[in-house]
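Below is one structure, written out as structure tokens, with a few remarks after it.
Residue numbers (the working numbering): 1 to 302.
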């Protein structure tokens, strides 16, 4: 209904912040009212996706669960939760933020979670969930430590130095530009949130990832729903890898087209390294999630 409203000419809730040439403040949708025709992806394309998703819901109990899982994956990728991981703390800290875009991403994220729950519900019957703690495979534990270390070493350390005014791996000019765009509170939030979120990966290989700790009010000692662990971790893994691959592709294109020289790359090597950190972090989270799935798998009723 919202997409039909935009196609008809309304602009409530619409954002054009991907069109930087329109200017305006992010809170106002970056000049959304100036957009005469809604782009295909935000209009008819998204409307077509909604129709396809409605069909998936109608026939979910007749088709293989894989179809519904694909629908969930599409919504979760479109939501790009990695953006929320950075933009929400920045917005709370006072940095100009496109809350319209964030609202849309949250809706996509909720839809992806709902479709994942539907896919799990229409799947084949399985045996009872394991009641005892199951140790994750050794390879999963190793990758979990990598997933925790990467955001600390590859993200928090350089960003912490930049917040302190140290031009680590970037030029003085880039550092001054970043200081002008971000407040200290925003810089601290962006620096601290990713490594703290990375610590949650340990739950995939620890006892508290399968059983809520006893000190948790109302849930202590209860089994952690499998999807509650697998879905967020899998979503983060997909978005990290997607972001890393796409960003590195853009960077490679800029180098090949001459938009960036090798001298500039050497001067700002930390920026390029961050792209590789995202890619490696996503792979590590994905492999660890696979280990959790193996450890918590339930036998099929026979």
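Cβ coordinates follow ideal geometry from the N, Cα and C atoms, glycine included.
On a CA-only basis, which of the options is nearest residue i? Give me that one, please.
| i | options | result |
| --- | --- | --- |
| residue 198 | 283, 60, 11 and 70 | 283 |
| residue 207 | 45, 221 and 234 | 221 |
| residue 141 | 2, 294 and 288 | 288 |
| residue 33 | 247, 7 and 49 | 7 |
| residue 65 | 75, 14, 47 and 119 | 119 |
| residue 247 | 266, 236, 232 and 271 | 271 |
| residue 115 | 103, 162, 297 and 73 | 73 |
| residue 111 | 235, 163 and 36 | 235 |
| residue 275 | 295, 251 and 262 | 251 |
| residue 124 | 63, 40, 212 and 164 | 63 |
| residue 48 | 11, 1, 87 and 14 | 1 |
| residue 229 | 297, 241 and 243 | 297 |
| residue 41 | 91, 56 and 14 | 14 |
| residue 147 | 91, 202, 224 and 36 | 202 |
| residue 12 | 233, 293, 100 and 245 | 100 |
| residue 200 | 161, 152 and 158 | 152 |
Enumerate in chain order the residues of its own chain whose CB-to-CB distance from residue i is below 8 Å, with the five nearest sequence positions on each side excluded.
| i | result |
| --- | --- |
| residue 268 | 169, 170, 171 and 174 |
| residue 108 | 75, 76, 78 and 79 |
| residue 265 | 255 and 272 |
| residue 156 | 191, 192, 194 and 195 |
| residue 291 | 136, 137, 139, 140, 141, 143, 144, 204 and 205 |
| residue 84 | 102, 105, 106 and 109 |
| residue 117 | 227 |
Less than 7 Å between C-beta atoms, sequence neighbours within five positions excluded: which residues of the same chain meet that for residue i?
| i | result |
| --- | --- |
| residue 260 | 254 |
| residue 277 | 150, 154 and 155 |
| residue 302 | Summary for residue 302: the model assigns pLDDT 44, below 50, so the residue's position carries little reliability; its value from the coordinates is reported in the next sentence. Around residue 302: no qualifying Cβ. |
| residue 22 | Low confidence applies here, because residue 22 scores a pLDDT of 44, under 50, leaving its location unreliable; read the following figure in that light. Here the set comprises 16, 30, 31 and 34. |
| residue 61 | 122 |
| residue 43 | 3, 6 and 7 |
| residue 9 | none |
Following the continuous alpha helix (DSSP H) through residue i, name the residue where it begins and the one where it ends.
| i | result |
| --- | --- |
| residue 115 | 99 to 121 |
| residue 248 | 226 to 256 |
| residue 145 | 138 to 151 |
| residue 6 | 2 to 7 |
| residue 72 | 65 to 79 |
| residue 278 | 269 to 296 |
| residue 52 | 44 to 58 |
Mark residue i as exposed unless 16 or more other C-beta atoms lie within 10 angstroms of its C-beta, in which case mark it buried.
| i | result |
| --- | --- |
| residue 215 | exposed |
| residue 59 | exposed |
| residue 217 | exposed |
| residue 138 | exposed |
| residue 219 | exposed |
| residue 71 | buried |
| residue 257 | exposed |
| residue 209 | buried |
| residue 285 | buried |
| residue 263 | exposed |
| residue 68 | buried |
| residue 87 | buried |
| residue 45 | exposed |
For the ligand GDP, is there a heavy atom less than 8 Å away from the beta-carbon of residue i?
| i | result |
| --- | --- |
| residue 108 | Absence of the ligand GDP from the depicted structure is noted, as is the absence of any ligand whatsoever, leaving it without description. |
Does residue i get closer than 9 Å to chain B when you measure Cβ to Cβ?
| i | result |
| --- | --- |
| residue 97 | Included in the structure is just one protein chain, with no chain B present. |
Just to confirm my understanding: we take residue i, look at its own chain, exclude 5 residues before and 5 after, and list those with CB closer than 6 Å. What are they?
| i | result |
| --- | --- |
| residue 187 | 163 |
4-residue-minimum alpha helix (DSSP H) runs that sit fully inside the region 155 to 225, ordered along the chain: Assignment of alpha helix (DSSP H) within the region 155 to 225, counting only whole runs of 4 or more residues, yields 157 to 163, 172 to 181 and 184 to 199 in chain order.
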